[in-house]
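First the structure, in the form of structure tokens, and then the observations on it.
Residue numbers (my numbering): 9 to 241.
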């Protein structure tokens, strides 16, 4: 089975029906490999559903999100109160939480491989594929591990970067977001890992305005209320 993950079209080629052409071509290439099934995500109800996820948004720059109309103030809500509700600590709190290094790749890969075995449907990576997808790269991916005092790597989490163009706004032209990516929690609770990821992203104030994540029912049930401010089914 093939996973269709990203579909990107150059700005100059949009609105020219390029997406169906790309889908047809990837289908042709997959069929040549003897594979005739694929899995992909969509924001609409389609036949053949194998899983459902819930989408969560966490505001990191409330003022900007309100200004560009990504968010809005609800009834009895003020800007100051919304900022207070979404405030994050300045420092991460998990002992040993740090940026993943190249030398951590084999251990982080082993953690993720073991974690994915819990699921009936999950991607299968080689270590080279994992390194390509999850190694830290500026403006693309940020990955972290938790290192114990004895040097053991016990947890792994990552997010990828995605920017969107803001149309017809006098002050802002780009909205930068971080999206939760792959993770494997063996000793640290997942909510704590996500929270420290959000703190790290929030500290990059010149980069990120919002944090996003989509979790299966198994994972979503463990995400604490302090993290899941807004949701979208």
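The beta-carbon is built from N, C-alpha and C at its ideal position, and this holds for glycine as well. Just so it is clear, the structure is predicted and the values come from calculations on it, not from any experiment.
Listed in chain order, the alpha helix (DSSP H) elements of length 4 or more contained wholly in the stretch 96-175 are 113-124, 135-142. By the Cβ neighbour-count rule, residue 80 is exposed, with fewer than 16 other Cβ atoms within 10 Å of its own.
In this structure residue 30 is exposed. Its beta-carbon is surrounded by fewer than 16 other beta-carbon atoms within 10 angstroms.
Out of 177, 77, 201, 121, the CA that lies nearest to the CA of residue 151 is found in 201.
It is roughly 10 Å from the alpha-carbon of residue 9 to the alpha-carbon of residue 129. Selection 186, 120, 146, 147 evaluated against residue 134 yields 120 as nearest (Cα-Cα). DSSP places residue 30 within a helical segment (H, G or I) once states are collapsed to three. In this structure, residue 189 and residue 172 do not form a Cβ contact; the two beta carbons are roughly 18 Å apart against a cut-off of 8 Å. Here the alpha carbon of residue 51 sits roughly 43 Å from the alpha carbon of residue 157. Here residue 47 carries a strand assignment [DSSP, helix/strand/coil]. Per the Cβ contact rule, the stretch 82-100 is in contact with the stretch 60-71 (3 or more Cβ pairs under 8 Å). For residue 205, the enclosing alpha helix (DSSP H) starts and ends at 198-211. Judged by DSSP secondary structure, residue 183 falls outside any alpha helix (DSSP H) and instead within the beta strand (DSSP E) spanning 182-193. In this structure, residue 154 places its C-beta atom within 8 Å of the C-beta atom of residue 196. Residue nearest to residue 127 within the set 55, 59, 28 is 59 (criterion: CA-CA distance). Per DSSP, the continuous beta strand (DSSP E) segment holding residue 66 begins and ends at 61-67.
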